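First the structure, in the form of structure tokens, and then the observations on it.
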Amino acid sequence: MIEDLKPNDPLASLARRYQQQPKSLSKQVRAQQALRHLIEQDWPSGMKLPSHRQMCHALGLARNTLAGAISMLVEEGVLITGHGQGTWTHRPGENLELPVRPALSGVSRRARELLSQPGAAEIQSGAFVPGIPDIAQFPMRKWRQLYTSVTVPRNALLLSYSTGGYGPLKRAIRDFLRRWRHFDCDPEQIIITEGTHNGLELCALALADNGDRVVMESPCYWGARNVFTACGLTIEMLPWYPEQGHRGRVAPSPKLLYLTGSQHYPLSVPTSKADKQALCGWLSPDYIIEDDYEFNGQRDTRLVFDPRSEKHILAGSFSKLLFPGLRLGYLVVPHHLAATISRLRSEVFREGRMLDQAVLAAFIANGDLDLWYQRIQKEYLARQQVMHDQLSQVPAIEDLSSPSHAISLCARFADTVDDVSVTRQLLRHHFIVKPLSVVCVAGDSRRGLILGIGMLNRESLRREATRLRVLLKSLVH
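What follows is the structure, given as structure tokens:
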């Protein structure tokens, strides 16, 4: 392997450094130490690493082994990963810049509108990146065992399309919702999707036409806004304040009303069932989509969703409960829409991933999902408390979401603070956060930071939270 590489090739340097590590160490630790040494001693900050496939080939490693080493280095802050763009080196203390976005020439007007809006961060790993659960502690061994158990010759049908979704998974989701959300629905009402975005797109295609109105709360979940924009809907936003309810006016009778579930995202506070019921009654939308995006583990649900209603739809995802790459979610739709939306999904998207669906069904049915979440939500609460203790010492933060079992929190500044500028300055110190203002409607002057706690644990969280507190005190007065 190494003899086929040029001497100055980063792969050759990595292979040599890997071979110099003690053979008594595990392969993952050897790879981790080899990469760390090269990043700290030889490679420049901001250098893009070779692909994972190339590194695995050069080192003779399995992909999971290399992924484990890179995950630990990302947590340490010496590597960063870009959304679909690769992995870069980062020496602590040196400035970090986002990759330059390509020009928007030669694309449609809709694409330009969508890509000009603040959306998913270019960098999807690092301290406090929002929306990412803890993937380092996920029980991957159990997941692999389940995957092996379903990939046997007699299960060849799992390689086919999955019209409407895998039946056992639908039943497992029904039971999961009964335990955690306290309502009963029929498996026929459940449609398996490839994550929440796919479910929202399916709703927009099935229930609205180009130019139809969708009302969202401000601040909003930017992913949902992007989906509705891509589908050609007219978006209207109505500010919601936890202690005051909805303020402002929009015209009644929109085609769709989009709400977050028990935990508001991105404010990361419990939603108000009374506020949502009042809004539904006032607006009288054709359909109400409630997105259980930020699953907070509270069994006293604040959903207004009613499985017997002809206009209520619940969207859910397992990406925030388990791991982002799973890309499996669900819709619970009214009985009279179930067959139509399921058929539309088949015609437009051609369902598949039956193997993943079978593994997830077993993971839920065996009780593994409940065990995992009961354990990790305690960890999330402890991390939230660490963040709360540190950020509450920053005078410029006027309001801070209370510690919860969710993976996000929100810190509010005075309305005069330029949170976009603060976010950019934090990025230079390897803090990946999102400004609150960019997901607020014009006239909603709230400013602040949206942060995640999934990517850091134990001492690394305490260290980075302390560093963030000190830095914010110097940046925001």
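Just so we're aligned, residue 526 is where the sequence shown starts under our numbering, counting upward by one.
Cβ atoms here follow ideal geometry from the backbone N, Cα and C, with glycine treated the same way.
As the structure is a prediction and not an experimental result, all values here were calculated from the model.
Fully enclosed beta strand (DSSP E) runs of no fewer than 3 residues occupy 715-718 of the region 648-725, in order along the chain. Of the residues N723, W807, K780, V995, the one whose Cα lies closest to the Cα of R774 is W807. With respect to the 9 Å criterion, V958 and L976 are classified as neighbours on the basis of their beta carbons. Between the alpha carbons of V794 and E638 lies a gap of roughly 30 Å. In this structure, DSSP gives L974 an extended state, which the three-state scheme calls strand. Where E876 is concerned, there is no enclosing alpha helix (DSSP H), because DSSP gives it neither an H nor an E.
With a beta-carbon spacing of about 5 Å, L856 and I716 fall inside the 8 Å limit used to define contacts. Under a 10 Å Cβ-count criterion, P920 is classified as exposed, with fewer than 16 other Cβ atoms of the shown protein chains found around its own Cβ.
Boundaries of the beta strand (DSSP E) harbouring A936: 933-938, taken from the DSSP string. For A840, the uninterrupted beta strand (DSSP E) segment begins and ends at 837-842. The beta-bridge partner set that DSSP reports for F956 consists of A652. Closest option to E565, judged by alpha-carbon separation, among H577, G602, A931: G602. In the DSSP assignment, V739 falls outside any alpha helix (DSSP H) and within the unbroken beta strand (DSSP E) covering 738-743. Taking C-alpha positions only, W613 is separated from Q714 by approximately 44 Å. The alpha carbon of Q557 has as its nearest neighbour, out of L671, V739, A594, R578, the alpha carbon of A594.
According to DSSP, residue pairing for T612 in a beta bridge involves T606.
Shown here for G892: not one same chain residue has a beta carbon closer than 7 Å to its own, the five before and five after excluded. The Cβ neighbour count for E984, taken over all protein chains shown within 10 Å, is under 16; the residue is labelled exposed. Here the alpha carbon of P832 sits roughly 11 Å from the alpha carbon of R706. The alpha carbon of L758 has as its nearest neighbour, out of R908, Y746, C581, N735, the alpha carbon of N735. For W807, there is no enclosing beta strand (DSSP E); the residue is found in the alpha helix (DSSP H) stretching over 798-808. The alpha carbon of A803 has as its nearest neighbour, out of D817, L784, Q915, the alpha carbon of L784. DSSP lists no beta-bridge partner residue for Q558. Within the same chain, Cβ atoms closer than 6 Å to the Cβ of L851 are found at F843, S844, the five residues on either side in sequence being excluded. Per DSSP, the unbroken alpha helix (DSSP H) holding M912 starts and ends at 893-916. In the three-state scheme derived from DSSP, where H, G and I count as helix and E and B as strand, H930 is classed as coil. A direct Cα-to-Cα measurement between D800 and C965 gives close to 19 Å. Membership of E819 in any beta strand (DSSP E) is not indicated, and neither H nor E is assigned to it by DSSP.
DSSP places E761 in the uninterrupted beta strand (DSSP E) bounded by 759-766. Comparing alpha-carbon positions, the option among R992, L986, D567, V884 lying closest to R666 turns out to be V884. In the structure shown, T865 adopts helical secondary structure according to DSSP, grouped into three states. Annotation: F938 to R542 spans about 47 Å, alpha carbon to alpha carbon. Between Y812 and the set R669, Y766, L730, W747, the nearest pair of CA atoms involves L730. Within the model, the alpha-carbon separation for A559 versus Q546 is close to 7 Å.
Our two residues, H582 and K573, have alpha carbons roughly 17 Å apart in a direct line. Distance from the CA of H789 to the CA of D881, rounded to the nearest whole angstrom, comes to 29 Å.
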